[in-house]
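Visitor: For the sequence shown, this note's numbering begins at 99 and goes up steadily by one. Backbone N, C-alpha and C fix where the C-beta goes; we use that ideal spot for every residue, glycine too.
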Amino acid sequence: RARDMKQPPVYVLNHSQHNFPNRTTQPDLDEIEEWTDRAARRMYEGAGLGPSDVDIFNPYDGYATMSQFYLEAFQWHGVKRGDAFAFYAGDIRVEGPHPFSSSGGNLGNGRTRTAMYTDSIQQLRGSAGPRQVTVRAETALAAFTTPSSGGWMMFGKHPS
Numbered sequence: 099r100a101r102d103m104k105q106p107p108v109y110v111l112n113h114s115q116h117n118f119p120n121r122t123t124q125p126d127l128d129e130i131e132e133w134t135d136r137a138a139r140r141m142y143e144g145a146g147l148g149p150s151d152v153d154i155f156n157p158y159d160g161y162a163t164m165s166q167f168y169l170e171a172f173q174w175h176g177v178k179r180g181d182a183f184a185f186y187a188g189d190i191r192v193e194g195p196h197p198f199s200s201s202g203g204n205l206g207n208g209r210t211r212t213a214m215y216t217d218s219i220q221q222l223r224g225s226a227g228p229r230q231v232t233v234r235a236e237t238a239l240a241a242f243t244t245p246s247s248g249g250w251m252m253f254g255k256h257p258s
């Protein structure tokens with residue numbers, strides 16, 4: 099039973115799967131932005147949260163541009179369309195004010211596809227070791243997804 103576990107629980111506040119239809123094998127920028135915007139709306143509406151409520155952001159980064167699309171669509175830390183590059187130039191270390199992809203992403207974890215979820219849970223429990231963020235860690239948003247298909251999960255330290 100969860101109540102008897104030694105580790106504090108982490109709650110799933112929302113989960114969203116999507117599979118947007120592709121017009122071709124190579125979607126254009128407008129399609130990718132539409133898909134990522136829709137994924138963001140679904141996650142925030144389902145969790146009853148907004149961009150400023152998300153402390154930990156662990157998007158899938160199988161290709162470098164994916165992180166940019168997710169960061170801008172989910173507007174984490176106020177990032178808007180076209181602002182991702184400037185955001186990356188700031189302090190995104192786990193010790194910094196914007197601990198982006200604290201899991202280390204695919205580069206740091208060898209494309210395990212689950213590191214984003216595992217790290218989010220560890221961050222909320224305070225058990226991430228040297229990867230532990232120094233900012234507030236009450237909510238986390240993580241994904242294994244491409245812009246056209248996949249899933250997102252919103253985690254919280256508290257059930258609502």
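Among the residues of its own chain, which have a CB less than 6 Å from the CB of valine 108, if the five just before and after it don't count?
Guide: Ile219, Leu222 and Phe253.
Visitor: DSSP three-state label for tyrosine 168, please.
Guide: Tyrosine 168 falls in the helix class under three-state DSSP.
Visitor: Count the other C-beta atoms from every protein chain shown that fall within 10 angstroms of the C-beta of proline 157, then say buried if there are 16 or more, exposed otherwise.
Guide: With 16 or more other Cβ atoms from the protein chains shown falling within 10 Å of its own Cβ, proline 157 counts as buried.
Visitor: Please state if the CB of phenylalanine 198 and the CB of phenylalanine 167 are separated by a distance shorter than 8 Å.
Guide: no
Visitor: Only counting runs of 3 or more residues, tell me where the beta strand (DSSP E) segments fall wholly within the stretch 132-181, in order along the chain.
Guide: Annotation: the stretch 132-181 contains the following complete segments of the beta strand (DSSP E) (minimum length 3 residues), in chain order: 154-156.
Visitor: Within a Cβ cutoff of 8 Å, which residues of the same chain sit near glutamate 236, ignoring the five residues on either side of it in sequence?
Guide: Taken in chain order, the residues that qualify are Asp153, Leu222, Gly254, Lys255 and His256.
Visitor: In or out: glutamate 170 buried (at least 16 other Cβ within 10 Å) or exposed?
Guide: buried
Visitor: From the DSSP secondary-structure annotation, give me the bridge partner or partners of methionine 251.
Guide: His113 and Ala240
Visitor: Of the residues Gln124, Asn117 and Asp128, which one's Cα is nearest the Cα of alanine 137?
Guide: Looking at the Cα atoms, Asn117 is the closest of the given residues.
Visitor: Considering only DSSP beta bridges, list what phenylalanine 198 is partnered with.
Guide: Phe155
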